[in-house]
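Participant:
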Amino acid sequence: MTDLPAADLRAALDVLDAASTVTVLCHVQPDADTIGSGLALAIALDRRGASVQVAFAAPSRLPDSMVGLPGTEFVTAPDEVRTEVDLVVTVDAGSRERLGSLGDRLDGAVSLVIDHHRSNTFYGTHHLVDASAESTTAVVAALFDAAGIVVDRDLAHCLFAGLVTDTGSFRWVRPGSHLLAERLLATGIDGAAITRSLLDTHPFGWLPMLGRVLGSARLLPDAAGARGLVYAVVRLDDVGGLRSEEIESVVDIVRTTAEAEVAAVFKENDRGWSVSLRSKSAVDVSTTATTLGGGGHRFSAGYTVTGDVDEAVAALVAALE
Ligand SMILES: [Mn+2]
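Under full-length UniProt numbering, the residues of the sequence shown are numbered 1 to 321, in order.
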């Protein structure tokens with residue numbers, strides 16, 4: 001079920017076994033895959049006596065939809081993350097930049113990078129990267145299997161959170177994905193409730209926000225080699241009081257546009273724009289995002305950009321040619 005080289009798995013188990021203090025770093029603007037991976041690792045390491053902290057540089061709080069996950073007691077504020085530990089593990093972060101201000105914890109540290117991003121830059125001292133894995137939690141599941149760790153209900157809850165979100169509720173799967181889901185569900189977790197809280201729950205204010213943002217959508221049929229680009233812009237004014245869960249949901253609606261192979265959502269923040277890219281089959285948006293300073297997967301990627309949004313759109317159109 002995994003394409004991980006046996007030598008990488010063995011080396012990962014060795015560094016994990018040797019560590020009694022561990023920092024697990026999740027990526028900034030964390031999603032359920034990075035948090036689910038981090039908490040599952042923390043629970044497993046804590047059970048075998050290690051002292052573990054889990055952290056992400058921003059924002060300051062765990063997203064609402066993830067507070068019900070087991071292991072949140074290991075989440076530590078960024079300024080309280082220890083500077084000297086036996087091992088730093090990063091989960092679901094394709095590059096050091098994705099760790100934000102906590103990237104400096106890698107300096108001089110023994111580190112294990114656990115990930116599934118095609119664009120991973122191999123920035124640690126040890127790597128467990130499977131670009132064909134559905135989620136980083138699927139890589140963590142393979143690691144647990146190799147270590148002989150029994151996946152119980154709490155671990156399954158964390159691993160399922162990453163699997164169901166990164167597969168888009170099992171839309172983007174491969175042989176083995178449903179077997180992993182079956183193993184996790186067989187522990188007794190409530191898959192429907194976990195999915196509902198992570199993907200299908202928004203405050204009422206989400207609906208008028210969608211009305212404004214989707215009303216701004218534009219279709220450029222000639223872009224992306226005439227395969228079509230559709231994009232929408234989410235301005236700070238549009239999202240007052242709404243959570244990252246609402247903002248991140250927009251691209252899942254925009255990408256359904258039949259006339260466009262590529263979908264983009266430009267999300268305004270204090271520093272500029274964070275851009276989500278999606279493609280259907282013909283375009284590798286991981287390459288596009290990497291060209292623009294970001295990264296990701298073949299069909300799902302992102303980057304950040306400053307300045308005027310019209311210029312950002314023009315730069316994306318150019319990168320897609
Ligand atoms: Mn992921």
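By construction, the Cβ of each residue, glycine as well, lies at the ideal position given by its N, Cα and C atoms.
With distances taken from CA atoms, which of 105, 211, 143, 311 is nearest residue 24?
Facilitator: Mapped onto the sequence shown, residue 24 falls at position 24. If we check each option's Cα against that of residue 24, 105 comes out closest.
Participant: Express the C-alpha separation of residue 30 and residue 76 in angstroms, rounding to a whole number.
Facilitator: Locating residue 76 in the sequence shown gives position 76, where the first residue counts as 1. Locating residue 30 in the sequence shown gives position 30, where the first residue counts as 1. Taking the CA atoms as reference points, residue 76 sits about 14 angstroms from residue 30.
Participant: Thinking C-beta only, is residue 39 closer than 7 angstroms to residue 69?
Facilitator: Translated into positions along the sequence shown, residue 69 becomes position 69. Translated into positions along the sequence shown, residue 39 becomes position 39. Result yes, Cβ atoms of residue 69 and residue 39 sit closer than 7 angstroms.
Participant: Among 154, 116, 244, 71, which residue has its Cα nearest to the Cα of residue 188?
Facilitator: As a working note, residue 188 is residue 188 in the sequence shown. Out of 154, 116, 244, 71, 154 has the C-alpha closest to the C-alpha of residue 188.
Participant: With distances taken Cα to Cα, identify the nearest neighbour of residue 50 among 239, 62, 74, 32.
Facilitator: Start at 1 with the first residue of the sequence shown, and residue 50 comes out as number 50. Nearest of 239, 62, 74, 32 to residue 50, Cα basis: 74.
Participant: Ignore the nearest five residues each way along the sequence and tell me which others in residue 279's own chain have a CB closer than 7 angstroms to its CB.
Facilitator: Along the sequence shown, one-based indexing puts residue 279 at 279. Counting only Cβ-Cβ distances below 7 angstroms, and skipping sequence neighbours, we find 261, 262, 285, 299.
Participant: Report the partner residues of residue 402 according to the DSSP bridge assignment.
Facilitator: Residue 402 falls outside the range modelled here, since the chain spans only 1 to 321, and no answer is possible.
Participant: How is residue 278 classed by DSSP in three states: helix, strand or coil?
Facilitator: Along the sequence shown, one-based indexing puts residue 278 at 278. Of the three classes helix, strand and coil, the one that applies to residue 278 here is strand, per DSSP.
Participant: Rounded to whole angstroms, what's the CA-CA distance from residue 257 to residue 131? Just pull it up for me.
Facilitator: For the purposes of this step, residue 257 is taken as residue 257 along the sequence shown, with counting starting at 1. For the purposes of this step, residue 131 is taken as residue 131 along the sequence shown, with counting starting at 1. If I take the Cα positions, the gap works out to 27 angstroms.
Participant: Beta-carbon distances below 6 angstroms to any heavy atom of ligand 1 define the shell here; list its residues in chain order, please.
Facilitator: 33, 92, 116, 135, 136, 166
Participant: Between the C-alpha atoms of residue 380 and residue 312, what's the straight-line distance to the nearest angstrom?
Facilitator: The first residue shown for the chain is 1 and the last is 321, placing residue 380 beyond what the model contains.
Participant: Out of 113, 60, 288, point me to the one whose CA is closest to residue 101's CA.
Facilitator: Position 101 of the sequence shown, counted from the start, is the residue given in the question as residue 101. Nearest of 113, 60, 288 to residue 101, Cα basis: 60.
Participant: Considering only the beta carbon of each residue, do residue 246 and residue 202 sit closer than 7 angstroms?
Facilitator: Along the sequence shown, one-based indexing puts residue 246 at 246. Along the sequence shown, one-based indexing puts residue 202 at 202. In this structure, residue 202 lies closer than 7 angstroms to residue 246 by Cβ.
Participant: Going by DSSP in three states, residue 172 sits in which element: helix, strand or coil?
Facilitator: On the sequence shown, residue 172 is found 172 positions in, with the first residue counted as 1. Correct three-state label for residue 172: coil.
Participant: Could you give the residue range of the beta strand (DSSP E) that holds residue 18?
Facilitator: Within the sequence shown, numbered from 1, the residue matching residue 18 stands at position 18. First-last for residue 18: 6 to 18, but that is the alpha helix (DSSP H), not the beta strand (DSSP E).
Participant: How about residue 113 and residue 124: do their beta carbons lie closer than 7 angstroms?
Facilitator: Numbered from 1 along the sequence shown, position 113 holds the residue referred to as residue 113. Numbered from 1 along the sequence shown, position 124 holds the residue referred to as residue 124. Against a cut-off of 7 angstroms, the Cβ pair of residue 124 and residue 113 comes out as a contact.
Participant: For residue 306, which option in 282, 287, 270 has the closest C-alpha, if you only look at C-alpha atoms?
Facilitator: Your numbering for residue 306 matches position 306 in the sequence shown. Nearest C-alpha to residue 306: 270.
Participant: DSSP three-state call for residue 295: helix, strand or coil?
Facilitator: On the sequence shown, position 295 is the one that residue 295 refers to. Strand.
Participant: If I'm right that residue 281 touches residue 251 with Cβ under 8 angstroms, what's the distance once you round it to whole angstroms?
Facilitator: Counting from 1 along the sequence shown, the entry for residue 281 is found at position 281. Counting from 1 along the sequence shown, the entry for residue 251 is found at position 251. No, residue 281 and residue 251 are not in contact; Cβ-Cβ is about 17 angstroms, not under 8 angstroms.
Participant: Can you say whether residue 186 is buried or exposed, counting buried as having 16 or more other CB atoms within 10 angstroms of its CB?
Facilitator: Sequence index remark: in the sequence shown, residue 186 carries index 186 (1-based). The residue in question, residue 186, is exposed, as its Cβ has fewer than 16 Cβ neighbours within 10 Å.
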